[in-house]
Every structure is written in structure tokens, then in C-alpha cells.
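**Student:** So the protein sequences, as listed, match chains A and B.
Here this note's numbering is used: the first residue of the first sequence is 68, the next is one more, and so on.
Here this note's numbering is used: the first residue of the second sequence is 14, the next is one more, and so on.
Glycine residues also receive a C-beta, built at the ideal position from the N, C-alpha and C atoms.
Attaching a single structure in C-alpha cells format; questions to follow.
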Amino acid sequence: MLNNAITDLLTKMADDELIMGHRNSEWTGLGPVMEEDIAFSSMAQDKIGHSWALYRIIEENLGGSQADIFAFCRPENEYKCCHLVEYPNAGYDFSLMRHFLFDQAEAVRYESMLESSFEPLQQLSRKVKGELKYHTLHANAWVMQLSKAGEESYDRMQTALNEIIALAAGIFEPGKANEQVLIDAKVYPGEKELYSRWLDRIYPVLVKASLNLPPLESITPAYGGRTGQHTPYLAPLLKEMGEVFNLDTAANW
Amino acid sequence: MSLDPRVNRLKLGDPGAVIKVEEGENWNVYEVFHQEKRGAHHEHVGCVHAPDPQLALIFAKEQFARRKKCVNLWVVKSADILAFDVEDEDMFANNLEKTYRDASGFKVMEKINKFKQSSKGTTDVK
């Protein structure tokens, strides 16, 4: 029962990281300046690394299937990523705002797991701490920079925030019965608590950047991803991502 | 107006007009210094383009410190570095003739070794 709940949680986290990493890697070679191209690509790789680590925990500690097979060979409705990570890249404003909201959420989640009763998760949280510190530093700096770089730039950042906030709130989709099991077992503090910690984290940065957080009562969080209901953007992404792997799933690399 | 369409595409505008550069529009070059371990010298490793020092540091981290061991980085705006002119190279021309200034002429190793020998076993030198 508990192991099933942990597998469920780790799958959500890992799928988020895998799809976000893949999306962000689509900027490689197209970034606005070379320095940023390198930084953004490198962070995208980190995300895929995090997903790999989580899939490995599922495989080794929870009796799941082999990490690569699990990552690439599930039908679409067995993926548990949130809608936020599925959306195709639009402009760099969109991607940066998503990076900011997603990575802050990721940081809050891993930090809460530094005290997890599930040992492998505790270890992984310690391992990724430094990387996430850099990711959020990078995201914060860009949000600040672009919000203060003239009217057009500011407007675009505000528009991106308005468009993405409901998607980002969907990261914290309630996990129903499983979630309560995890909270009771002190694996992690639960989605509601993480959502409020996340807001505490993003709010000061947005204030400093003079961006307005849309009233949260007015938004409808984009739920559904955690139960396998996805946007039309996920299926083509999975097809492309698994294209080489699926030529021969048993190949040795 | 130029007759060359390529020039017109540049939208250069009126040649007499004052060019206004917005804050942050022109990026600066920052020199990057890498520190391999605590207490070690920061060594120059290259440069990055960035709109401000904060982002320069952020770019430098992935550009110069994502593989090699690193504990800290410095960034300095290239324009803030004062250097001699190339023509002033002659100031250094006679350096090679002043080897009498090198410390290599002093024979001290013998004394140091002797001291080490004599202190061995008597005090716990760490």
C-alpha cells in the first residue's frame, strides 16, 4: 500500500522532470545568446538526470520495471506528468516563466523530502540540492532582468505569467487516497502544503520584478495529468522522444 | 536612402538622428576567473557576455565550471581592467638579463633539510 503510493509519487515527479527536460532541450542551438543556450541546455540535462535517478529508485527499491523501458515504453495515459510541462515552447518569455515556476516548485518539493521517511528519496534530495539552487538562481535572475528591460519585455513577462499560472498550479494536483498515506507515513508533506510553500517562494521574486501574480481564486488549476489525462501535446512529444529507443528496445548502448 | 536593399533592411533611419541606447540593451564582456579549491588563486579562464554582473556569474557557472572541479568564480567587467598599452612592452624587455634578482641562487635546501632532520622525533611537527 505504502510502496504503491510512493511509486505513484515518484512517477509523477520523474515524468515531470523527463518531459520538462525534453521540452527545454528543444532550445539547444536556438537559445537567444550562446551563454544562455549552454546554461539552459545544461539544466535540461540535469532534469533528465533527476528523472533517471527517480526511475532507478522505482526500479531498485520498489520493484518497478527497468528504468529505460519505464521511461520510454509506456502508453500515453500511463504517464503522470502535469500539463505545464507538456506545452510546446512558444517564445523564450514563455519558457523562462515556465522554468521559473517549475523549478521553484521542484526546489520546494525536494527540500521537503530532505526529511522524508523514505531513505532513497532523502538521499536524492541531498544530491540535487546544489543543482536546484543554481536552477532557481538562474530563473530568478532572468525574471528580474526581463521585467526591468523596458515596456515590451515587461509586458511579455506579465503575459507569460498570466498564461502559465493555472498550468503551474496544476503541478500540485491532489493525490487523493495515496497522498494521505504518504503524509501519514511522513514521506512528504502533501501537495497542499507544497503549494503554499511554493507561493511563499515565488511571491517575493515577482514583487521584486514588479510582476502581478493573478488572483489565485480566479484561476482553475490545470488538473488531469496526474491521472493520465493529457493535453494533445504529449503524444507527439513521446513519439519523438522514444523514436530511437523504440527502434530496438533491447539494444545495448 | 540607400539604393541597396540590404542596407535598407537594417533600418538605419536618419543618419543625423541621435542613437539612443536603452539600459541593458548593450551587453558587456566579463572576464571569468575560476577557483579550483578553497584558498587557491582564481585563474583567468575566459569571458562571457552578459547584461549585468549577476547574469555574468550565472552564465560563467555553466560555461566554465560545469565539468572541472570548481569552488568559486569571479567575474569582472573587461572594461574595468587596466592594462599597459602594447607599445609599453619595452618596459619588460630587460627582465631576462636580471637573473641576479632570481631567488634561485640561494642555497637553502641543505639547511632546511638539516633542520627537518634535527627536529624529527623531538616535536610533533604537522
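Could you name the residues of the same chain whose beta carbon sits closer than 8 Å to that of PRO66(B), not counting the 5 residues immediately before and after it, in chain order?
**Tutor:** For the purposes of this step, residue 66(B) is identified with residue 53 of the second sequence, where counting begins at 1. Only TYR43, VAL88 and LYS90 meet the Cβ criterion.
**Student:** Residues in the same chain with beta-carbon distance under 6 Å from SER162(A), minus the five sequence neighbours each way, listed in chain order, please.
**Tutor:** One-based indexing of the first sequence puts residue 162(A) at position 95. Once the five neighbours on either side are set aside, the close Cβ partners of SER162(A) are ASN156.
**Student:** Of the residues that make up the stretch 175–206 of chain A, which ones have a beta carbon closer than 8 Å to any beta carbon in chain B?
**Tutor:** So the close ones are TYR201, LEU204 and HIS205.
**Student:** Please report whether the beta-carbon of ALA111(A) lies at a distance below 8 Å from any beta-carbon of chain B.
**Tutor:** Along the first sequence, read from residue 1 onward, the residue named residue 111(A) stands at position 44. ALA111(A) does not count as touching chain B.
**Student:** Going along the chain, which residues of its own chain have a beta-carbon closer than 6 Å to the beta-carbon of MET308(A), five neighbours each way excluded?
**Tutor:** Reading the first sequence from its first residue, position 241 is the one you call residue 308(A). These residues qualify, in order along the chain: HIS89.
**Student:** May I have the straight-line CA-CA distance separating ALA69(B) from TYR113(B), to the nearest angstrom?
**Tutor:** Indexing the second sequence from 1 puts residue 69(B) at position 56. Indexing the second sequence from 1 puts residue 113(B) at position 100. Spanning the two alpha carbons is a distance of roughly 44 Å.
**Student:** On the DSSP bridge assignment, give the partners of ALA63(B) in chain order.
**Tutor:** Within the second sequence, residue 63(B) is the residue found at index 50, counting from 1. ALA63(B) pairs with ASN41(B).
**Student:** Using the beta-carbon of each residue, which ones in chain A are nearer than 7 Å to PRO64(B)?
**Tutor:** In the second sequence, the residue the question calls residue 64(B) occupies position 51. The contacting residues are GLN212.
**Student:** Where in the stretch 114–153 of chain A do unbroken runs of the alpha helix (DSSP H), each at least 4 residues long, occur, reported from the N-terminal end onward?
**Tutor:** 134–139 and 150–153
**Student:** List, in order along the chain, the chain A residues whose C-beta lies closer than 8 Å to that of VAL61(B)?
**Tutor:** Taking the second sequence and counting its residues from 1, one reaches residue 61(B) at position 48. Here the neighbours are GLU102.
**Student:** Under a CB-based cut-off of 8 Å, is ILE250(A) close to chain B?
**Tutor:** As a first step, residue 250(A) must be located in the first sequence, where it is residue number 183. It does not: the Cβ of ILE250(A) has no partner Cβ on chain B nearer than 8 Å.
**Student:** Would you call VAL152(A) buried or exposed, if buried means 16 or more other Cβ atoms sit within 10 Å of its Cβ?
**Tutor:** Counting from 1 along the first sequence, the entry for residue 152(A) is found at position 85. Answer is buried; the Cβ neighbour count reaches 16.
**Student:** Reducing DSSP to helix, strand and coil, say where HIS89(A) ends up.
**Tutor:** In the first sequence, residue 89(A) corresponds to position 22, counting from 1. Looking at HIS89(A) - three-state DSSP - the assignment turns out to be helix.
**Student:** Tell me whether LEU234(A) sits in a helix, a strand or coil according to DSSP, three-state version.
**Tutor:** Within the first sequence, numbered from 1, the residue matching residue 234(A) stands at position 167. DSSP places LEU234(A) in the helix class (H, G or I) of the three-state scheme.
**Student:** Rounded to whole angstroms, what's the CA-CA distance from PRO271(A) to GLY217(A)? Just pull it up for me.
**Tutor:** Reading the first sequence from its first residue, position 204 is the one you call residue 271(A). Reading the first sequence from its first residue, position 150 is the one you call residue 217(A). So the two alpha carbons sit approximately 21 Å from each other.
**Student:** Using beta-carbon positions only, say whether VAL254(A) and ILE125(A) come within less than 8 Å of one another.
**Tutor:** Taking the first residue of the first sequence as 1, we reach residue 254(A) at position 187. Taking the first residue of the first sequence as 1, we reach residue 125(A) at position 58. In this structure, ILE125(A) does not lie closer than 8 Å to VAL254(A) by Cβ.
**Student:** Between LEU168(A) and the rest of its own chain, which residues show a CB-CB distance below 7 Å, the 5 nearest in sequence each way excluded?
**Tutor:** By 1-based counting over the first sequence, the position of residue 168(A) is 101. Cβ within range, chain order: ILE231, ALA235 and ILE269.
**Student:** Are the CB atoms of LYS200(A) and TYR177(A) within a distance shorter than 8 Å?
**Tutor:** Position 110 of the first sequence holds residue 177(A). Position 133 of the first sequence holds residue 200(A). Not a contact, by the Cβ cut-off of 8 Å.
**Student:** Report yes if the C-beta distance between ASP83(A) and CYS149(A) is below 8 Å; otherwise report no.
**Tutor:** To locate residue 83(A), count along the first sequence from 1; it is residue 16. To locate residue 149(A), count along the first sequence from 1; it is residue 82. Yes.
**Student:** Chain A beta carbons: is any one of them nearer than 8 Å to that of PHE72(B)?
**Tutor:** Residue mapping note: residue 72(B) aligns to position 59 of the second sequence, counting from 1. Output row for PHE72(B): interface = yes.
**Student:** What is the residue span of the alpha helix (DSSP H) that TRP87(B) lies within?
**Tutor:** Here residue 87(B) corresponds to residue number 74 of the second sequence, with the count starting at 1. Element bounds for TRP87(B): not the alpha helix (DSSP H) but the beta strand (DSSP E), 85–90.
**Student:** On the DSSP letters alone, give me the boundaries of the alpha helix (DSSP H) that GLU100(B) sits inside.
**Tutor:** One-based indexing of the second sequence puts residue 100(B) at position 87. Here GLU100(B) belongs to no alpha helix (DSSP H), and DSSP marks it neither H nor E.
**Student:** Throw me the rounded Cβ distance for the ALA63(B) and VAL45(B) pair, which I believe falls under 8 Å.
**Tutor:** The residue given as residue 63(B) occupies position 50 in the second sequence. The residue given as residue 45(B) occupies position 32 in the second sequence. The pair is not a contact, with the Cβ atoms about 10 Å apart (cut-off 8 Å).
**Student:** According to the Cβ coordinates, are TYR122(A) and ALA134(A) closer than 8 Å?
**Tutor:** Mapped onto the first sequence, residue 122(A) falls at position 55. Mapped onto the first sequence, residue 134(A) falls at position 67. Cβ atoms of TYR122(A) and ALA134(A): closer than 8 Å.
**Student:** Using the beta-carbon of each residue, which ones in chain B are nearer than 9 Å to ILE105(A)?
**Tutor:** Working through the first sequence from its first residue, we reach residue 105(A) at position 38. Those within 9 Å of ILE105(A) in chain B are PHE72, GLU75, GLN76 and ARG79.
**Student:** Could one say the Cβ of ALA302(A) lies closer than 8 Å to chain B's Cβ atoms, at least one of them?
**Tutor:** For the purposes of this step, residue 302(A) is taken as residue 235 along the first sequence, with counting starting at 1. It does not: the Cβ of ALA302(A) has no partner Cβ on chain B nearer than 8 Å.
**Student:** Helix, strand or coil, according to DSSP, for PHE107(A) in the structure here?
**Tutor:** Numbered from its first residue, the first sequence carries residue 107(A) at position 40. Note: PHE107(A) maps to helix in three-state DSSP.
**Student:** So TYR300(A) and TYR159(A) are in contact, right, with Cβ under 8 Å, and what is the actual spacing, rounded?
**Tutor:** Translated into the one-based positions of the first sequence, residue 300(A) becomes position 233. Translated into the one-based positions of the first sequence, residue 159(A) becomes position 92. Going by Cβ atoms, the distance from TYR300(A) to TYR159(A) rounds to 18 Å, so no, they are not a contact pair.
**Student:** Nearest to ALA227(A) by CA position, among SER118(A), GLU102(A), VAL100(A) and PRO281(A), is which residue?
**Tutor:** Reading the first sequence from its first residue, position 160 is the one you call residue 227(A). Residue PRO281(A) is the option with its Cα nearest to ALA227(A).
**Student:** Are any of the Cβ atoms in chain A nearer than 8 Å to that of LEU86(B)?
**Tutor:** Indexing the second sequence from 1 puts residue 86(B) at position 73. It does not: the Cβ of LEU86(B) has no partner Cβ on chain A nearer than 8 Å.
**Student:** Please report the residue range of the alpha helix (DSSP H) in which TRP265(A) lies.
**Tutor:** Start at 1 with the first residue of the first sequence, and residue 265(A) comes out as number 198. Looking at the DSSP string, the run of the alpha helix (DSSP H) that includes TRP265(A) is 258–275.
**Student:** List the residues that DSSP assigns as beta-bridge partners of GLN48(B).
**Tutor:** As a position in the second sequence, residue 48(B) is number 35, starting the count at 1. DSSP output for GLN48(B) lists HIS55(B) and ASN85(B) as bridge partner(s).
**Student:** Measure the Cβ-Cβ separation of PHE312(A) and PHE137(A) and say whether it is below 8 Å.
**Tutor:** Taking the first sequence and counting its residues from 1, the one referred to as residue 312(A) is at position 245. Taking the first sequence and counting its residues from 1, the one referred to as residue 137(A) is at position 70. No, these two residues do not count as a Cβ contact at 8 Å.
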